[in-house]
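> Have a look at this one before I ask anything.
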């Protein structure tokens, strides 16, 4: 009998990743043991989303950015320090959760805002960077999510942070009142030869920039 069919391999892989997520939440194989109950709940829900859709069913292609996850983390932290007066929410990195090449950057404000930065690494280079969130009907969620999208655009595309909100409106992720559009999925947009993806559901909100 030949090897497992592709669909079965995908199911097995997702199951393994789910078990890995449970281990992370329970504190197993985790580089920092202390974590509040609130943060555990936020992480579990966000990781569960990642397990189900693998960040837009990520395709394993060779195209990547020219930097690693560690390079991005360093650049991100420098950017946050330099621009801290522009943020309403603390974007300092509290923890980094690793799961088979997927890195969740838990921010100090993640438990309050239901969102975090996610990085996907292929080999030793980053393939995709995004913002993962659980939609919530309050101002904190939306404002913090827009801030995170603006940070990613500024870091990856080199745009001035103060101009990113206007750019998000120009590409229809924000409406004319600068609120996040409740669209199931928007057309892919090119930015500096890379691809922007955006998907909104009741259970998840995903924005990403993918090397193309």
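Residue numbers (full-length UniProt numbering): 1 to 212. Using N, Cα and C, we set each Cβ at its ideal position, and we do this for glycine too. Just so you know, these numbers come straight off a predicted model, no measurement behind them.
(1) Extract the residue ranges of the alpha helix (DSSP H) inside the segment 48-128, only unbroken runs of 4 or more that lie entirely within it.
(2) Indicate the three-state DSSP secondary structure (helix, strand or coil) for residue 178 in the structure shown.
(3) Would you say residue 109 and residue 91 are within 8 Å of each other, going by their C-beta atoms?
(4) Run the CB neighbour count on residue 193, radius 10 Å, all protein chains shown included, and call it buried at 16 or more, exposed below.
(5) Got a sec? Which residues, its chain only, sit under 6 Å from residue 121 by beta carbon, not counting five neighbours each side?
(6) Run the CB neighbour count on residue 119, radius 10 Å, all protein chains shown included, and call it buried at 16 or more, exposed below.
(7) Between 104, 128, 202 and 200, which has its C-alpha nearest residue 117's C-alpha?
(8) According to the neighbour-count rule (16 or more other Cβ atoms, all chains shown, within 10 Å of its Cβ), is residue 126 buried or exposed?
(9) Does DSSP put residue 148 in a helix, a strand or coil?
Reading it off the structure:
(1) 69-83 and 110-113
(2) coil
(3) yes
(4) exposed
(5) 69 and 101
(6) buried
(7) 104
(8) buried
(9) helix
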